[in-house]
Structures are given as C-alpha cells and as structure tokens.
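>
Numbering (our numbering), first residue to last: 0 to 485.
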C-alpha cells in the first residue's frame, strides 16, 4: 500500500469530522438576563408611587394617594382604600421572583396570552414608573409575565388575582367597636321607651334601667348585639335620594353605644317593609251578597188565608213583600291586588360624636346597605331582653287529706257516713199506661170517662201494681237497670 493515498484519505476524513462538529456544535450561551432571580416589584419603587392602576377585562380601577397620605379609590366616590387589600397586593408582587426567560420571539409571545390584565405604578404627574402584564398560567406552575412593552416573556412564581372592581377596593368597615370599650348600650324599639344597659367596668355584669319586677336581664342578648355591631360593614351604596333610602328612614331602629371615654356612636338601621300578596279580592256583587244574605226560598203554594183581603183593603197581591229580594247592582270587575314585594335592603345611618370621624363624612356622600342580620336580630320588644328570675324554693302545700284529718269523699260517690250495706233508692219506674186499666163495670149505658193518670209509685215494687175496679192484683216488680244494682 502506498503512503500517499493513505494520507489523502486521513485528511479527507479529518475535514469531514471538522465539518460535522461545526454543524452540530452547541449554541453559544446567551448572556444572563438581569431580571432573572429578582422580584417582580421592588418595595422601594412602590413607596414612590402616587397612583396605582389595575386593569382587567376592559375595566380599570385607579387608586390615588392623597396629600394627607391616605389612599383613595378614585373611581368609587373617593372612598378610603382597604389598606389590608392594598398591602397584600404589594407584598404578593414583591415576593414573586422571575424564574427564567421564556422567549423573545413575537410569535411565541402571542401564545403566552398577554392581553389587558395588567398593573402599573405612576407618579403624581401620571408618569409610568413600572408596569406588568400577566399572561396565562404555566402548566408546571407559576405565571407568564411581561414588563412594560418589552418583547420578552418571563416565567415567575406568581399567584395573583388582579381585581379591577373599584367597589371591592374600598374599605367597607363602617363601625369598628371593641366590646371591652363599651360602657352603655341604648336600644330603641318601634313602640315604647328605649332600654339602656350599663356597666361601670368591663368586668362588671350589665344592668338595665327598666327591669320588670321578678325578672333579670339576658346578658347573652347584649353580648350578641355587640358582636353584630362591632364590625359593621357595607355591602353596597345608593344615592341618598333613592326611594328605597326614604322608605328605610321611615322605619328606623336606633342603637346607641357609649364608650368608657364618653364617645358615642349612634347607629340607625331601617328597611322598607315587606308587602305580602293579599287574598284574591271579591267582586262588588259578591261582597254585597255575602253581607245581605240570600233571600228565603218560597216554594210553598199560597194558603187559603193568604187569598183573604186584609183589613186595610189590601190583598196579598197589593200588600208589600215582607222580605224583598235585594237589588243586585251590575257586577264590577275586581280591583287588581297590589303585587307582593320582598322587604327592601337594610340601610345603616351612623353618627359619631367626634366630628372628625371619617364615618361622618361618608354618611354625607352615600347611603350604605349592610347585611340584614344586625337588623333582623334586634329584639322587637323590650320584654325579649329579660327573663324570669329563678324563684326561691317554697315548701310543698299540704294535701287535703292531711288538712281535713280524714279521707275525702269522691265526687259522686256515697257519703262517708252512709251505713254499710245500705242501698240507695232506685229511681221510680215508668208510669203505667192508661190503656192497661179496664173501665169499671156500671149499670146502664156505658159511660165513657177520661182515664186519670195513676199515682206515682213510692216503692220500686209498686211500679208494676195494676189499678182498676175490682182488681187489686199486683204485677211482679220490673227489673230496672240501675247504676246502684249489684
């Protein structure tokens, strides 16, 4: 074998190997992205924000920091922001970290479903400081995110719901009352005077100003009332000129709380009463018929006397009818019954003794609906606040037997002093029929006389005695079913 062909062959194989390696070499690793491993939102940046904008499904909510530092819901009557919800929102974004860069490809970015679900921080001049758009959830956990308008998609360990409903960002707490701070509660009723319960210290029991004799206050009623009103929250708001608000003001119940520091909170609750469906109304003719009654039936033919002329010269034909049939008017259609309506929403009207209390300003803006439980759980009458006091043990009453010194005769039984063996008299038997007594024999023509009744028997045995002329035979005594017979 010649050396030259071998060298050429080895050289060709080497070139081919080098070409294969070049074509199959691993890609050069890209430079590490600066966002990987960092928080989605730096806390220091959140402190600089003057506004927070949340967008989702076409709705946008704007939270604004006032000059006083208080956050307000700009899109919902400038109500104070629920700070606990805002704090969770910032903490969730700060705790989530970027795990990896997913893609820079515009085509793949479209598959990550970046739409209008986004959050942004702005300064007081509406300049955008930070923004984040949320994509779909990843199959292995986490969520795809995109910063600003960057053409890059990342994966972050984020679990967050962006709520764009302005009302849910408002602080719904109207009354924040701790039970241990309350010294007195005044409970008003629809009828009658209010009842006021007080205590000198939080450890002391409650006492009422108008406790009925022989009764005591139900302490659990006061405890339940403090629990219902201690954290009163609104569920919705209405225009103060709404008819439902006016109807609620006409049916108010008032509960007034006085703290140990002498500050007071008066809470008035009311709602439009329920309108129940009435029974189906009767027509005017039916109502008149039920009031007058049906005329008496006259199916009998006229008697002979009814054909005789009257003293005044009037005949039955001309005489006035005793019971004339009422004239039935033409029936009119019944009036339509008013439709049934459920009770209206419960509204709360609150007044704080401190003029600077935020709730006083809120009451001037809107009318606040609340859950119905605080209203429906109020005692309807003052009697429901009290219960009978436990009575002291009293000695048992002596029995009539011990008082009278002997057995007491049963009602309807024989007298106690009746002789043993004595039978009470039996009731008299039936009188003999007059037909049983034959007429006495007389000389001459028979004289028909009216039979006279036989005298009453004075002895049970005499009940069967026969009487008559020449006949003194006695009939055997007839057995009577007497309740005294043995």
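The beta carbon of each residue, even a glycine, is placed where N, CA and C say it ideally should be.
By a C-beta neighbour count over all protein chains shown, 10 Å radius and 16 as the cutoff for buried, is residue 179 buried or exposed?
With fewer than 16 other beta carbons inside 10 angstroms of its own, residue 179 counts as exposed.
> Would you give the residue range spanned by the beta strand (DSSP E) that residue 231 belongs to?
230-237
> Got a sec? Which residues, its chain only, sit under 8 Å from residue 113 by beta carbon, not counting five neighbours each side?
132, 133, 134, 143, 145 and 152
> Determine the direct distance from the alpha carbon of residue 185 to that of residue 376, and round the result to whole angstroms.
15 Å
> So who's on the other strand from residue 103, going by DSSP bridges?
According to DSSP, residue pairing for residue 103 in a beta bridge does not occur.
> What's the gap between the Cα of residue 8 and the Cα of residue 19?
17 Å
> Considering only DSSP beta bridges, list what residue 136 is partnered with.
142
> Residues in its own chain within less than 7 Å of residue 42 by CB, not counting five upstream and five downstream?
93
> Suppose you measure from the CA of residue 259 to the CA of residue 111; what does that come to, to the nearest Å?
59 Å
> Which same chain residues, not among the five before or five after residue 108, have their C-beta less than 7 Å away from its C-beta?
102, 150 and 152
> Please classify residue 88: is it buried, with 16 or more other beta-carbons within 10 angstroms of its beta-carbon, or exposed?
Buried: at least 16 other Cβ atoms inside 10 Å.
> For residue 167, does the three-state DSSP call read helix, strand or coil?
It is helical.
> Are residue 52 and residue 121 closer than 8 Å when you measure CB to CB?
yes
> Could you tell me the boundaries of the beta strand (DSSP E) in which residue 46 lies?
Note, residue 46: premise wrong, no beta strand (DSSP E); alpha helix (DSSP H) at 42-47.
> Quick one, which of 172, 162, 201 and 192 has its alpha-carbon nearest residue 181's?
Shortest Cα-Cα distance from residue 181 to any of 172, 162, 201 and 192 involves 201.
> Less than 7 Å separating the Cβ of residue 101 from some heavy atom of the ligand MN?
With respect to the ligand MN, the structure offers nothing, as it holds no ligand at all.
> Which two residues bound the contiguous alpha helix (DSSP H) that contains residue 268?
No alpha helix (DSSP H) holds residue 268; the beta strand (DSSP E) holding it covers 263-269.
> Counting C-beta neighbours from all protein chains within 10 Å, is the total for residue 14 16 or more, i.e. buried, or is it exposed?
exposed
> In or out: residue 80 buried (at least 16 other Cβ within 10 Å) or exposed?
buried
> Just to confirm my understanding: we take residue 251, look at its own chain, exclude 5 residues before and 5 after, and list those with CB closer than 8 Å. What are they?
267, 268, 269 and 348
> When the Cα of residue 159 is compared with those of 31, 191 and 91, which residue comes out closest?
91
> Three-state secondary structure (DSSP) at residue 185?
strand
> Does the Cβ of residue 11 have 16 or more other Cβ atoms within 10 Å, making it buried, or fewer, making it exposed?
exposed
> Name the residue from 127, 116 and 381 whose alpha carbon lies nearest to the alpha carbon of residue 187.
381
> With a Cβ-Cβ cutoff of 8 Å, do residue 73 and residue 61 count as a contact?
yes
> What separation, rounded to the nearest whole angstrom, lies between the Cα atoms of residue 50 and residue 278?
59 Å
> Go through its chain and collect everything with a Cβ distance to residue 226's Cβ below 8 Å, but skip five positions before and after it.
178, listed in sequence order.
> Three-state secondary structure (DSSP) at residue 253?
strand
> With C-beta atoms as the reference, is residue 155 less than 8 Å away from residue 96?
yes
> Between which two residues does the alpha helix (DSSP H) containing residue 244 stretch?
242-248
> Taking the CB atoms as reference points, tell me whether residue 115 and residue 191 lie closer together than 8 Å.
no
> Between residue 242 and chain C, is there a C-beta pair that is closer than 8 Å?
Structure shown: chain C not included; a single protein chain is present.
> How is residue 13 classed by DSSP in three states: helix, strand or coil?
helix
> Within 10 angstroms of its Cβ, does residue 477 collect 16 or more other Cβ (buried), or is it exposed?
Confidence is the limiting factor: at residue 477 the pLDDT is only 47, short of 50, which leaves the residue's position unreliable, though a coordinate-based value still follows. Burial call: exposed.
> Do you know whose CA, among 169, 214 and 356, lies nearest residue 265's CA?
356
> Using only the alpha-carbon positions, how far apart do residue 169 and residue 358 sit?
13 Å
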